[in-house]
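*Asks:* The structure's right below; bear with me while I get my questions together.
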Amino acid sequence: MEEQNHFLSTQEHVFTTDVNRWRILKGLAQQHRHTSTKAENHLWQALRGGQLGLRFRRQHAIGSFIVDFVCLTAWLVVEVDGEVHNEPNQAEYDQNRTIELEKRGFQVIRFPNNEVLTQTETVLQRIREQLNSR
Numbered sequence: 001m002e003e004q005n006h007f008l009s010t011q012e013h014v015f016t017t018d019v020n021r022w023r024i025l026k027g028l029a030q031q032h033r034h035t036s037t038k039a040e041n042h043l044w045q046a047l048r049g050g051q052l053g054l055r056f057r058r059q060h061a062i063g064s065f066i067v068d069f070v071c072l073t074a075w076l077v078v079e080v081d082g083e084v085h086n087e088p089n090q091a092e093y094d095q096n097r098t099i100e101l102e103k104r105g106f107q108v109i110r111f112p113n114n115e116v117l118t119q120t121e122t123v124l125q126r127i128r129e130q131l132n133s134r
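For the sequence shown, full-length UniProt numbering assigns the number 1 to the initial residue and increments by one for each residue that follows.
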């Protein structure tokens, strides 16, 4: 990873997409916040308000994507995946999306809905570990 993509930034990457794209994605991100899955809502309750020591945003635009959760300070994206993510076309899309986010300097971790709902503390521990390693 390039030196410019150092971790634990405070101001870099506040603007994670260009202005024209942001105008389009902002409304979509707001819609996603209102139509979140049960697992996304459950995880958000544990991430919001800096409960893990750093601030997370939900349904945030990065490039041409809207990610479920991102900690901009640590350059960490957290995705919560439902059953549709097991479909071959969706899995390929997710893989390409992860590659694009990693090119921008983000680390991406994914959790299935079921794991978020039934093993929340394990999920949070993995997120903490990633935050601490950044």
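The beta carbon of each residue, even a glycine, is placed where N, CA and C say it ideally should be. Predicted, not measured: the structure shown is a model, and the values here were computed from it.
With DSSP as the reference, identify every bridge partner of residue 60, one or two as the case may be.
*Replies:* Residue mapping note: residue 60 aligns to position 60 of the sequence shown, counting from 1. Residue 60 pairs with 67.
*Asks:* By the three-class DSSP mapping on this structure, what secondary structure does residue 52 have?
*Replies:* The count along the sequence shown starts at 1 and reaches residue 52 at position 52. Residue 52: coil per DSSP, three-state reduction.
*Asks:* Is there contact between the segment 60–80 and the segment 97–113, where contact requires at least three CB pairs shorter than 8 Å?
*Replies:* When C-beta atoms of the segment 60–80 are compared with those of the segment 97–113, three or more pairs fall below 8 Å, so the two segments count as touching.
*Asks:* Run through DSSP, which three-state label would residue 72 get?
*Replies:* Taking the first residue of the sequence shown as 1, we reach residue 72 at position 72. Correct three-state label for residue 72: coil.
*Asks:* Bridge partners for residue 79 per DSSP, in chain order?
*Replies:* For the purposes of this step, residue 79 is taken as the residue at position 79 of the sequence shown. Per DSSP, 110.
*Asks:* What are the boundary residues of the alpha helix (DSSP H) that includes residue 119?
*Replies:* Here the question's residue 119 lines up with position 119 in the sequence shown. No alpha helix (DSSP H) holds residue 119; DSSP gives it neither H nor E.
*Asks:* Using 8 Å for Cβ pairs, my map puts residue 54 next to residue 131. What's the rounded Cβ distance?
*Replies:* Counting from 1 along the sequence shown, the entry for residue 54 is found at position 54. Counting from 1 along the sequence shown, the entry for residue 131 is found at position 131. The Cβ separation is near 6 Å, so the contact holds.
*Asks:* Only counting the same chain, and skipping five residues up and downstream in sequence, which positions put a Cβ closer than 8 Å to that of residue 127?
*Replies:* Stepping through the sequence shown from its first residue, residue 127 is reached at position 127. Hits under 8 Å: 47, 52, 76, 78 and 109.
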